[in-house]
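Number of protein chains: 2
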Amino acid sequence: MKIILASKSLRRQELLTKIGLNYEVVVSSSEEVVDPKLSPLDNCINISFEKAKEVKEKTKGDRIIISCDTIVVKDNKIYGKPKDKEEAFNMLKLLSNTYHDVYSCLTVIKVKDNKEEIFKEQGIGTVYIDSMTDMEINDWIEKGNPYDKAGGYAIQEEFGKYITETKGDFYSIVGIPLNKLYNLLKKIDF
Amino acid sequence: MKIILASKSLRRQELLTKIGLNYEVVVSSSEEVVDPKLSPLDNCINISFEKAKEVKEKTKGDRIIISCDTIVVKDNKIYGKPKDKEEAFNMLKLLSNTYHDVYSCLTVIKVKDNKEEIFKEQGIGTVYIDSMTDMEINDWIEKGNPYDKAGGYAIQEEFGKYITETKGDFYSIVGIPLNKLYNLLKKIDF
Numbered sequence: 001m002k003i004i005l006a007s008k009s010l011r012r013q014e015l016l017t018k019i020g021l022n023y024e025v026v027v028s029s030s031e032e033v034v035d036p037k038l039s040p041l042d043n044c045i046n047i048s049f050e051k052a053k054e055v056k057e058k059t060k061g062d063r064i065i066i067s068c069d070t071i072v073v074k075d076n077k078i079y080g081k082p083k084d085k086e087e088a089f090n091m092l093k094l095l096s097n098t099y100h101d102v103y104s105c106l107t108v109i110k111v112k113d114n115k116e117e118i119f120k121e122q123g124i125g126t127v128y129i130d131s132m133t134d135m136e137i138n139d140w141i142e143k144g145n146p147y148d149k150a151g152g153y154a155i156q157e158e159f160g161k162y163i164t165e166t167k168g169d170f171y172s173i174v175g176i177p178l179n180k181l182y183n184l185l186k187k188i189d190f
Numbered sequence: 191m192k193i194i195l196a197s198k199s200l201r202r203q204e205l206l207t208k209i210g211l212n213y214e215v216v217v218s219s220s221e222e223v224v225d226p227k228l229s230p231l232d233n234c235i236n237i238s239f240e241k242a243k244e245v246k247e248k249t250k251g252d253r254i255i256i257s258c259d260t261i262v263v264k265d266n267k268i269y270g271k272p273k274d275k276e277e278a279f280n281m282l283k284l285l286s287n288t289y290h291d292v293y294s295c296l297t298v299i300k301v302k303d304n305k306e307e308i309f310k311e312q313g314i315g316t317v318y319i320d321s322m323t324d325m326e327i328n329d330w331i332e333k334g335n336p337y338d339k340a341g342g343y344a345i346q347e348e349f350g351k352y353i354t355e356t357k358g359d360f361y362s363i364v365g366i367p368l369n370k371l372y373n374l375l376k377k378i379d380f
């Protein structure tokens, strides 16, 4: 059965390839709108589901749609992708020398013979970023392209040298709850 | 100053490249002998140091030697690189559906103007491997080349799909305490 990844994130594509999945990419054009009345986790779940639904609606045939949304959360506030250098700097300054959480919310929609099943899973990780000097933050902003990364960093790239500690689901910090996705796909008959 | 990595591990080489270091590789030929009278951690520290010392002795000039040893520990017993398929199977069977620890012991020797300084750091991570079926274990053994990996697995490869949880220093689980190495190199004047 055809597998569709509803994400342009290269990190997610690499992880799916790593676990041996054959998939095609159909990028969702649904907007990632945060509802301030909902908790960060519920926002993450909803955004992931909206992306999956949008891609389901614009594709056809028997198919599995995999979608994921990743957010950085500190003090119950969501930190998304920074829009510019200043926002990236302030975000990393705030995340430096302390703990924050990362949620990755997975949606899998299976469509077979026009029947639809929806599965949702969430993975949570905690990260401690080392104390960073302003020079180190600026250096990362120059080289690391923080603008397509929740929280402005990627744990698996050069930024790894600033990671003091993690707890929980590591691959959710990278961008997808890999073990939960794997177990879900084992259970889904396709 | 010249940086020498005393390790043939591709994972360590990738991590050093990732953090922007220019280095050459000189592989140590010191044997990794475990002393049963010492604790797993002390064995790890000693093996790392012996590798660094051996490479120091066969190289010349002002130089920084970086060496690391990684061991998997469960119930105070060391699990090294499995020698054959049977050992790999038994090791993974034992590590499946439970927690174990991974130690990465770093040695850095700086030689400048014939003066020598030695630095030692250790990183520790805890891993929970999901329950694996015999078929999954055999599948990984076929594809994953467990024989050059402590504990028979590599967290950053396809095996990632079996990782339920980690705690502590993630890059020590991969093979080097990256944040500690980075901070050490910042402090060393070279």
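Residue numbers (the working numbering), protein chains in the order written: chain A, 1 to 190; chain R, 191 to 380.
C-beta: ideal position from N, C-alpha, C; glycine also.
Which partner residues does residue i have in the DSSP bridge list?
i: Cys105/A; result: Asp69/A and Gln122/A
i: Lys77/A; result: Lys74/A
i: Ile4/A; result: Glu24/A and Ile65/A
i: Tyr289/R; result: Tyr318/R
Take residue i as the anchor and find which of the options has the nearest alpha-carbon.
i: Asp265/R; options: Lys333/R, Lys370/R, Pro230/R and Lys208/R; result: Pro230/R
i: Gly80/A; options: Leu184/A, Asn179/A and Ile47/A; result: Ile47/A
i: Arg63/A; options: Lys37/A, Glu116/A and Ser30/A; result: Glu116/A
i: Asn114/A; options: Leu38/A, Gly61/A, Ala154/A and Pro82/A; result: Gly61/A
i: Glu355/R; options: Asn43/A, Asn183/A and Ile124/A; result: Ile124/A
i: Glu204/R; options: Leu368/R, Phe380/R and Ile378/R; result: Leu368/R
i: Asp130/A; options: Asn43/A, Lys161/A, Ser172/A and Gly152/A; result: Lys161/A
i: Phe170/A; options: Asn183/A, Gln156/A and Tyr182/A; result: Gln156/A
i: Asp232/R; options: Ile255/R, Ile268/R and Lys208/R; result: Ile268/R
i: Asn280/R; options: Lys243/R, Ala242/R, Lys302/R and Thr323/R; result: Thr323/R
To the nearest angstrom, how far is the alpha carbon of residue i from that of residue j?
i: Asp138/A; j: Ala88/A; result: Reading the sequence as shown, one finds Asn at residue 138/A and not Asp. Between Asn138/A and Ala88/A, the C-alpha separation is close to 9 angstroms.
i: Val27/A; j: Thr59/A; result: 11 angstroms
i: Gly197/A; j: Ile308/R; result: In the structure as shown, chain A begins at 1 and stops at 190. Residue 197/A is therefore absent and cannot be evaluated.
i: Tyr318/R; j: Tyr289/R; result: 4 angstroms
i: Lys8/A; j: Asp338/R; result: 34 angstroms
i: Leu45/A; j: Ile194/R; result: The identity of residue 45/A in the sequence shown is Ile, whereas the question assumes Leu. Taking the straight line from one Cα to the other gives about 47 angstroms.
i: Gln312/R; j: Ser220/R; result: 20 angstroms
i: Arg201/R; j: Val34/A; result: 39 angstroms
i: Glu332/R; j: Leu206/R; result: 28 angstroms
i: Glu326/R; j: Glu247/R; result: 44 angstroms
i: Ile299/R; j: Ile109/A; result: 54 angstroms
i: Lys85/A; j: Met191/R; result: 33 angstroms
i: Lys37/A; j: Glu50/A; result: 17 angstroms
i: Ala52/A; j: Lys18/A; result: 21 angstroms
i: Asn287/R; j: Val301/R; result: 45 angstroms
i: Leu371/R; j: Ser172/A; result: 25 angstroms
Which whole-angstrom value is the C-beta distance of residue i and residue j, which I expect to be below 8 angstroms?
i: Tyr103/A; j: Thr70/A; result: 7 angstroms
i: Glu272/A; j: Gly175/A; result: This structure cannot speak to residue 272/A, because chain A is shown only from 1 to 190.
i: Asp101/A; j: Val73/A; result: 5 angstroms
i: Leu282/R; j: Gly342/R; result: 5 angstroms
i: Ala150/A; j: Ser67/A; result: Their Cβ separation, rounded to whole angstroms, is 15 angstroms, which puts Ala150/A and Ser67/A out of contact at 8 angstroms.
Taking only runs of the beta strand (DSSP E) that begin and end inside the segment 111-171 of chain A, which ones reach a length of at least 3 residues, in chain order? DSSP runs (the beta strand (DSSP E)) wholly in the segment 111-171 of chain A: 115-129 and 163-168.
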